[in-house]
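Asker: Take this structure, written in structure tokens, and hold onto it; I'll ask about it next.
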Amino acid sequence: MSRRCDLTGKGVLSGHKVSHSNHKTKRRFLPNLCNVTLESETLKRTIRLRVTANALKSVDHRGGLDAFLKKAHDEELSPRALDFKRLIAKAAAEAADAAA
1 MSRRCDLTGK GVLSGHKVSH SNHKTKRRFL PNLCNVTLES ETLKRTIRLR
51 VTANALKSVD HRGGLDAFLK KAHDEELSPR ALDFKRLIAK AAAEAADAAA
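Next up, the structure:
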């Protein structure tokens, strides 16, 4: 399992640990990943994803998982999240057709 956020695509970064004597050694900066269950209003079900704490704030700010996935770029989403984005778009289109 890769250390990559399913929604934002944020992953591991590398850099230096710098000591007091300015000695540099390699280190990894890991993303703050959380296993969360988010609810989709369009699909009327819950979705389990592995996202960063920052992505959770973004989902909340945009008004939920459906709104976040609508606005997100396809290339930064994981394959699972991209499948959910397509399902949500399809369900929204069907709901719009049924209402018309």
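Position 91, counted from 1, in the sequence shown is what the UniProt record's numbering calls 91; the numbers after and before it change by one each time, with no gaps. C-beta: ideal position from N, C-alpha, C; glycine also.
Kindly confirm or deny that the region 19 to 26 and the region 54 to 68 touch, where touching means at least three C-beta pairs closer than 8 Å.
Answerer: no
Asker: With DSSP run on the structure shown, which of helix, strand or coil describes Asn35?
Answerer: strand
Asker: Counting pairs of Cβ atoms below 8 Å between the region 81 to 100 and the region 14 to 24, do you hit three or more?
Answerer: no
Asker: With DSSP as the reference, label His73 as helix, strand or coil.
Answerer: DSSP places His73 in coil when its eight states are reduced to three.
Asker: Alpha carbon to alpha carbon, what distance is there between Ser21 and Asp60?
Answerer: 43 Å
Asker: Taking C-beta to C-beta, are Asn35 and Arg45 nearer than 7 Å?
Answerer: no
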